[in-house]
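Colleague: Each protein sequence line maps, in turn, to chains A, B and C.
Following the numbering used here, the numbering of the first sequence begins with 2 at its first residue and continues without gaps.
Following the numbering used here, the numbering of the second sequence begins with 1079 at its first residue and continues without gaps.
Following the numbering used here, the numbering of the third sequence begins with -3 at its first residue and continues without gaps.
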Amino acid sequence: MAATILRRLIHMIAVLFGISVLVFLIFFATPGANPADRIAGKNASPQTIARVEKEFGLNRPLPVQYVIMMKKLFISRNLTSFVNLGEKVVPQVFKAAPITLSLVSGAAVIWIVFAIVIGALAAAFRNGWVDRTLMVLSLIGISMPVFWVATMANLITQGVWHHTWLFSWVPPLGYVDFTASPLGWFKALIIPWITLAILYIGLYARVLRAALIETMQEDFIRTARAKGLTERQVLLRHALRCSLVSVVTLFGLDFGVLVGGGALLTEVVFGLQGVGYLTYQALETLDLPMIMATVIYASVFVVVSNAVVDIVYAAFDPRMRLRR
Amino acid sequence: MSNLLDVTDLAVSFRTRSGLIRAVDGVSFSIAEREILGIVGESGSGKSLTVLAILDLINDPNVVIAGSIRFKGTELIGQKPGVLRRLRGGAIAMIFQDPMTALTPVFTIGAQIAEQIRIHTELSRHAARSRAVDLLDAVGLPDPARAAARYPQELSGGQRQRAVIAMALSCNPALLLADEPTTALDVTVQAQILELIRKLRDDFNSAVILITHNLGVVAETADRVAVMYSGRIVESASTTALFADPHHPYTWGLLGSMPALDGIRRPRLATIQGLPPALNRRPPGCAFSPRCAFVRPACINARPPLTGTEHQVACIIPAPERATARTQALAA
Amino acid sequence: MSDATNPLVTDIAPPAPGYWATAGRKLIRDRAAIVSLAVLIIIALLCAAAPWYAQHIARTDPFQSNLSGTVIRHGKTVEVLAAANNPLHLGIEPIGPSWRLGPYMLGADDQGRDVAARLLYGGRNSLIISFISAGICLGLAAITGILSGYFGGWTDRIISWLLDALWAFPVFLLAISLSVVLIAHGIDIGPIRLDASSLALPITIIGIIYVPYVARPVRGLVIGLRQSEYVLAAIGIGGPAWRILWFDILPNVISSLVVFAPLIVALDLLTEAALSFLSIGVQPPAASWGTIIENGESLIYTRPIVAIAPGIAIVITVLALNILGDGLRDALDPRAKLRN
Chain A
2 MAATILRRLI
12 HMIAVLFGIS
22 VLVFLIFFAT
32 PGANPADRIA
42 GKNASPQTIA
52 RVEKEFGLNR
62 PLPVQYVIMM
72 KKLFISRNLT
82 SFVNLGEKVV
92 PQVFKAAPIT
102 LSLVSGAAVI
112 WIVFAIVIGA
122 LAAAFRNGWV
132 DRTLMVLSLI
142 GISMPVFWVA
152 TMANLITQGV
162 WHHTWLFSWV
172 PPLGYVDFTA
182 SPLGWFKALI
192 IPWITLAILY
202 IGLYARVLRA
212 ALIETMQEDF
222 IRTARAKGLT
232 ERQVLLRHAL
242 RCSLVSVVTL
252 FGLDFGVLVG
262 GGALLTEVVF
272 GLQGVGYLTY
282 QALETLDLPM
292 IMATVIYASV
302 FVVVSNAVVD
312 IVYAAFDPRM
322 RLRR
Chain B
1079 MSNLLDVTDL
1089 AVSFRTRSGL
1099 IRAVDGVSFS
1109 IAEREILGIV
1119 GESGSGKSLT
1129 VLAILDLIND
1139 PNVVIAGSIR
1149 FKGTELIGQK
1159 PGVLRRLRGG
1169 AIAMIFQDPM
1179 TALTPVFTIG
1189 AQIAEQIRIH
1199 TELSRHAARS
1209 RAVDLLDAVG
1219 LPDPARAAAR
1229 YPQELSGGQR
1239 QRAVIAMALS
1249 CNPALLLADE
1259 PTTALDVTVQ
1269 AQILELIRKL
1279 RDDFNSAVIL
1289 ITHNLGVVAE
1299 TADRVAVMYS
1309 GRIVESASTT
1319 ALFADPHHPY
1329 TWGLLGSMPA
1339 LDGIRRPRLA
1349 TIQGLPPALN
1359 RRPPGCAFSP
1369 RCAFVRPACI
1379 NARPPLTGTE
1389 HQVACIIPAP
1399 ERATARTQAL
1409 AA
Chain C
-3 MSDATNPLVT
7 DIAPPAPGYW
17 ATAGRKLIRD
27 RAAIVSLAVL
37 IIIALLCAAA
47 PWYAQHIART
57 DPFQSNLSGT
67 VIRHGKTVEV
77 LAAANNPLHL
87 GIEPIGPSWR
97 LGPYMLGADD
107 QGRDVAARLL
117 YGGRNSLIIS
127 FISAGICLGL
137 AAITGILSGY
147 FGGWTDRIIS
157 WLLDALWAFP
167 VFLLAISLSV
177 VLIAHGIDIG
187 PIRLDASSLA
197 LPITIIGIIY
207 VPYVARPVRG
217 LVIGLRQSEY
227 VLAAIGIGGP
237 AWRILWFDIL
247 PNVISSLVVF
257 APLIVALDLL
267 TEAALSFLSI
277 GVQPPAASWG
287 TIIENGESLI
297 YTRPIVAIAP
307 GIAIVITVLA
317 LNILGDGLRD
327 ALDPRAKLRN
């Protein structure tokens, strides 16, 4: 087990290094324009550009530039935005993180619960009308662009039906801190949660259904039946436990990506000022230091949470333990 | 003496696009308490389906089961799912062929045995656990407490099959259905497992239906043998009688293809020419007739009934001619 | 020959003759897939007819703002952009949909442009981008997957490491990083020049980011094939590598790629929409379904149709692609899985 963890951590560091190099190259070595121009932002003065060149060591070789950049991001954490006149970038990312985390964790709870229920129902009634209806709904769920769903949710809960009893409780767009008002926090986030969860409910329900149906063909399922378990116990205890593995892997990837900024579109449409929203604002002004910071931090998060999932996975599924 | 299980005219069919296919075609047999019945046949002869049908464990929406299966006087075919479920793992337990895949990989051995105990008894979680360990001890697993805490894939094949047997015995079944319990195991382990099954009858008073394609296994273990071919029983007798005086040409073929461990070694093993008929193209008469060296016109059109009392056979070769034909067949 | 005992390896065989014909027959029996295919063809034809629609039915230029124009509605002349119907007359209210063929069938946007015409033009761009970038993605994935799977060794190690890094990188952020760097200035490498305002930029970016999704399964498939008996036999009799790749490996890979194709097109379409929604995809004045939704967001409480219509277009197209993908998978390769 210890060896597994160690190997996974080394792999994680290798991937992180790869990603940081990739990001660095995208921002500093893409041909087309002078990186200083890009970093300084739209319509920057020659002085600003000169300052950027000096600060990022742009006249020195690429590896040196890479080291300077990483130092600014992780050690001194004094990467500054040139568009927002000297605003420090890294603290902003940390300030926005709890909002993103609130959004994504809530959505994750919803999507996991619903996906398991839907996947199990569909597998239990496979090829019947329950299964077909649920799978068509899931397919529609994964076919909708999330920002459009969010826009439609706003249209309904903030516009058309806002003054009916159904949605009059929905607060105006924006985030309410949990410590300020837990209920307010909940009310502000419930619609974004559902919106973000829809895609993943569809995705996970389909994956889980397929995995369950495959598992139900296994010999040990027949043994479980021969023991005198009810069909429901067989499905929920034996088959589900074995099939959840496929969902756990997906979850690690998706959760990491979302916390790292994949929830950007949802944050933008619902006006939640999380990490993705920072990226969005930076996009509007082409504020490259900010984008770089969010991208690097996001990928760190994704890679770390992948590693954690892999390790949890090994603990969760005894089959994996033996294989290594 | 009343029988533990009476199977009469059991038919297992599957609905397919080209009509109903009868995989088990009118099988009848009985088993007394504490008796070990061996059912022998090639793969596809319907022997597994026959036992699976007893507990309604054939997992196919297109299956149709007809006939009668009476367990201790209760009819099982068409029985309410709840009643069958209480029998499964309780009064009738089952052991499957491949111990590698027969246990759920994500639960420990002990937990899986305890689960079955708790379905059928009022034992507490803790008591069920310790009973599981006792059972593992009883089937001869070394260090049963440790084995109970292990996952299936951490045990060897033979150990796993012992665990599966321990699980099957956990609720003192009156009838144990063993579907090729030794096929997937090493030869040395096979002998141990068979020994264990024989011992169980003495320790737990269970009757056993032992399914196998291996006549040697039957010879060692069973009290009585039924030979199946193409979904039908062609011969049924006590083990000694069957081996001493086999009646059916198919049984001769089976015996001829078995290497003799003692006695006269034959120069070469006999083979039965051809293949069993496809289930949807079974001949109208005796199913073995296309491959039988002693086929007569009467075999082709009418299905020979299973006749006799103690030693039953479904063949029209008259008793006096049997011995010569057999010598001929086994010498070939 | 330990591989000969591995059932997973030995049951892989080259597609038998008639493989595609059988798959085709299976697909034709799949009613949902065929209906989806028909829907996709209809959508593509409608979008292709965009210029004709603009000229003959909408009779406006959907790329020109029409701030003070008028249109005849129910026999009356109406302004395309009216002052908003609030006490202070703040803001503007574009004309609503007429729901019949003709000018402003789906109303106007905040620039007074015909939404229906823009929807078709936008669809044309969305489809062009998603299909071409899917082609790029599948092509690159096939090349990298086959090279790394077939030749192994260092080729494989380097390609796998690259794919792993790309894989661990959130797709979305990769797209954003690339777009934001390129969008202001375009890209200029020797003979290749991509202008920021051309579709080539989003096509390239979207084409690259999903390569690992396909390359990894292709690599796995090729490794399996490489050890299969018939390929070993072909190598054993001294067949040149290109011949084996071309005749024994490629046909298998292609059947996987065919299964993945609609799913990748769907992913690309959604990605394009998202990037355009963030204004780093298709650049104005060109339109795509994503840019129209972004446009419609500001009108969401006054003229929601501007955002609703392109969204529905996306959902229908992506849904049809997904159903078609399911059908192709069932017909060709039930075990194929994207993302692993």
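Note that CB positions come from ideal geometry on N, CA and C, so glycine has one too.
Just curious, the beta strand (DSSP E) that B/Met1172 is in, first and last residue?
Modeller: As a position in the second sequence, residue 1172 of chain B is number 94, starting the count at 1. It spans Ile1170 to Ile1173 - the beta strand (DSSP E) in which B/Met1172 sits, taken as one unbroken run.
Colleague: Counting only runs of 4+ residues fully inside the segment 229 to 270 of chain C, write out the alpha helix (DSSP H) ranges in chain order.
Modeller: Counting only runs of 4 or more, we get 237 to 240.
Colleague: For B/Asp1176, which residues in chain A fall below 7 Å Cβ to Cβ?
Modeller: In the second sequence, residue 1176 of chain B corresponds to position 98, counting from 1. By Cβ distance, chain A contributes Asp220.
Colleague: Taking 8 Å as the threshold (C-beta atoms), are A/Arg223 and B/Asn1140 in contact?
Modeller: Start at 1 with the first residue of the second sequence, and residue 1140 of chain B comes out as number 62. Start at 1 with the first residue of the first sequence, and residue 223 of chain A comes out as number 222. Taking 8 Å as the Cβ cut-off, B/Asn1140 and A/Arg223 do not qualify as a contacting pair.
Colleague: Got a sec: is the Cβ-Cβ distance from C/Asp160 to anything in chain E below 8 Å?
Modeller: Chain labels in this structure do not include chain E; the protein chains are A, B and C.
Colleague: If you measure from the beta carbon of B/Asn1424 to each beta carbon in chain A, is any gap under 8 Å?
Modeller: Chain B is shown from 1079 up to 1410; residue 1424 of chain B falls before or after that span and cannot be answered.
Colleague: Does the segment 301 to 308 of chain C come into contact with the segment 88 to 104 of chain C, if we say contact requires no fewer than three beta-carbon pairs (one atom in each stretch) closer than 8 Å?
Modeller: Yes: at least three Cβ pairs fall under 8 Å.
Colleague: With three or more beta-carbon pairs closer than 8 Å as the criterion, would you say the segment 118 to 135 of chain C touches the segment 197 to 207 of chain C?
Modeller: The answer is yes - the segment 197 to 207 of chain C touches the segment 118 to 135 of chain C, with three or more Cβ pairs under 8 Å.
Colleague: From which residue to which residue does the beta strand (DSSP E) around B/Asp1087 run?
Modeller: Numbered from its first residue, the second sequence carries residue 1087 of chain B at position 9. Residues Leu1083 to Thr1094.
Colleague: Starting from B/Ile1132, trace the alpha helix (DSSP H) both ways and give me its first and last residue.
Modeller: Your numbering for residue 1132 of chain B matches position 54 in the second sequence. Unbroken alpha helix (DSSP H) run through B/Ile1132: Lys1125 to Ile1132.
Colleague: Could you tell me which of A/Phe302, A/Trp166, A/Asp288 and A/Val310 sits nearest to A/Ala45, measuring between CA atoms?
Modeller: As a position in the first sequence, residue 45 of chain A is number 44, starting the count at 1. Checked all of A/Phe302, A/Trp166, A/Asp288 and A/Val310; the closest Cα to A/Ala45 is A/Asp288.
Colleague: Expressed to the nearest angstrom, what Euclidean distance is found between the alpha-carbon atoms of C/Gly71 and C/Gln60?
Modeller: Here residue 71 of chain C refers to the residue found at position 75 of the third sequence. Here residue 60 of chain C refers to the residue found at position 64 of the third sequence. So the alpha carbons of these two residues sit roughly 25 Å apart.
Colleague: Residues bridged to B/Gln1390 by DSSP?
Modeller: Position 312 of the second sequence, counted from the start, is the residue given in the question as residue 1390 of chain B. According to DSSP, B/Gln1390 bridges with B/Ser1314.
Colleague: Got a sec, what are the start and stop residues for the alpha helix (DSSP H) B/Arg1414 sits in?
Modeller: Residue numbering for chain B in the displayed model covers 1079 to 1410; residue 1414 of chain B lies beyond these limits and cannot be assessed.
Colleague: Check B/Ala1407 in the structure and name its three-state DSSP category.
Modeller: Numbered from its first residue, the second sequence carries residue 1407 of chain B at position 329. Helix, per DSSP.
Colleague: Nearest to C/Leu134 by alpha carbon, out of C/Ile319, C/Ala282 and C/Ser251?
Modeller: Residue mapping note: residue 134 of chain C aligns to position 138 of the third sequence, counting from 1. Selected option, being the one with the closest Cα: C/Ser251.
Colleague: Under 8 Å between beta-carbons, which chain B residues line up against A/Arg207? List them in chain order, please.
Modeller: Counting from 1 along the first sequence, the entry for residue 207 of chain A is found at position 206. Those within 8 Å of A/Arg207 in chain B number zero; the least Cβ separation is about 22 Å.
Colleague: Going by beta carbon distance, what residues of the same chain come within less than 6 Å of B/Gly1363, once the five residues before and after it are set aside?
Modeller: Locating residue 1363 of chain B in the second sequence gives position 285, counting from the first residue. Result list for B/Gly1363: Cys1377, Ile1378, Asn1379, Ala1380 and Arg1381, in chain order.
Colleague: Determine the closest residue to C/Asp264 out of C/Ile276, C/Ile124 and C/Gly148, with distance taken between C-alpha atoms.
Modeller: By 1-based counting over the third sequence, the position of residue 264 of chain C is 268. Nearest option by C-alpha distance: C/Ile124.
Colleague: At which residue ranges does the segment 39 to 75 of chain C contain complete alpha helix (DSSP H) runs of 4 or more residues, listed in the order of the chain?
Modeller: Listed in chain order, they are 46 to 49.
Colleague: Determine the chain A residues that contact C/Gly65 at a beta-carbon separation under 7 Å, and present them in chain order.
Modeller: To locate residue 65 of chain C, count along the third sequence from 1; it is residue 69. By Cβ distance, chain A contributes nothing, its closest Cβ being about 27 Å from C/Gly65, past 7 Å.
Colleague: Going along the chain, which residues of the segment 259 to 274 of chain A sit with their C-beta nearer than 8 Å to a C-beta in chain C?
Modeller: For the segment 259 to 274 of chain A, which is checked against every Cβ of chain C, the residues closer than 8 Å are Gly261, Gly262, Gly263, Leu265, Leu266, Val269 and Val270.
Colleague: Run through DSSP, which three-state label would A/Pro36 get?
Modeller: Translated into the one-based positions of the first sequence, residue 36 of chain A becomes position 35. A/Pro36: helix per DSSP, three-state reduction.
Colleague: Taking the beta strand (DSSP E) that B/Ser1028 belongs to, which residues open and close that run?
Modeller: One cannot answer for residue 1028 of chain B here, as it falls past the ends of chain B, which runs 1079 to 1410.
Colleague: Can you tell which of A/Thr196, A/Ile117, A/Trp130 and A/Leu167 has its C-alpha closest to the C-alpha of A/Cys243?
Modeller: As a position in the first sequence, residue 243 of chain A is number 242, starting the count at 1. Out of A/Thr196, A/Ile117, A/Trp130 and A/Leu167, A/Ile117 has the C-alpha closest to the C-alpha of A/Cys243.
Colleague: Are at least three pairs of beta-carbons, each pair with one atom in the segment 1258 to 1272 of chain B and one in the segment 1184 to 1193 of chain B, less than 8 Å apart?
Modeller: Verdict: no, contact absent.
Colleague: Going along chain A in order, which residues have a C-beta closer than 7 Å to the C-beta of C/Ser122?
Modeller: Here residue 122 of chain C corresponds to residue number 126 of the third sequence, with the count starting at 1. What C/Ser122 touches in chain A: nothing, since even the nearest Cβ is about 11 Å away.
Colleague: Using the Cβ count rule (16 or more neighbours within 10 Å means buried), how would you classify B/Gln1175?
Modeller: Against the second sequence, residue 1175 of chain B aligns to sequence position 97. Under this definition B/Gln1175 is a buried residue.
Colleague: Measuring only the C-alpha atoms, how far is A/Leu259 from A/Val105?
Modeller: Residue 259 of chain A sits at position 258 when you count from the first residue of the first sequence. Residue 105 of chain A sits at position 104 when you count from the first residue of the first sequence. The alpha-carbon atoms of A/Leu259 and A/Val105 are separated by roughly 7 Å.
Colleague: Does the structure place the segment 291 to 307 of chain A close enough to the segment 118 to 134 of chain A that three or more beta carbon pairs sit under 8 Å?
Modeller: The segment 118 to 134 of chain A vs the segment 291 to 307 of chain A: no contact.
Colleague: List the whole-angstrom C-beta distance separating B/Ile1147 from B/Gly1167, where the pair is believed to meet the contact cut-off of C-beta under 8 Å.
Modeller: Position 69 of the second sequence, counted from the first residue, corresponds to residue 1147 of chain B. Position 89 of the second sequence, counted from the first residue, corresponds to residue 1167 of chain B. Actually they do not touch by this definition, with Cβ atoms about 17 Å apart.
Colleague: Rounded C-beta distance between A/Ala283 and A/Ile297? I'm assuming under 8 Å.
Modeller: Against the first sequence, residue 283 of chain A aligns to sequence position 282. Against the first sequence, residue 297 of chain A aligns to sequence position 296. Contact doesn't hold; Cβ gap of about 13 Å is too wide.
Colleague: At the 8 Å Cβ level, is B/Leu1181 part of the contact set with chain A, yes or no?
Modeller: Counted from its first residue, the second sequence places residue 1181 of chain B at position 103. By this cut-off, B/Leu1181 is an interface position.
Colleague: Nearest CA to the CA of C/Asn62: which residue from C/Leu77, C/Arg55, C/Tyr49 and C/Trp48?
Modeller: Within the third sequence, the letter at position 66 stands for residue 62 of chain C. Nearest option by C-alpha distance: C/Leu77.
Colleague: Starting from B/Leu1288, trace the alpha helix (DSSP H) in both directions and tell me its first and last residue.
Modeller: By 1-based counting over the second sequence, the position of residue 1288 of chain B is 210. First-last for B/Leu1288: Ala1285 to Thr1290, but that is the beta strand (DSSP E), not the alpha helix (DSSP H).
Colleague: The beta strand (DSSP E) with B/Ser1108 in it runs from where to where?
Modeller: Looking up residue 1108 of chain B in the second sequence gives position 30. It spans Gly1097 to Ile1109 - the beta strand (DSSP E) in which B/Ser1108 sits, taken as one unbroken run.
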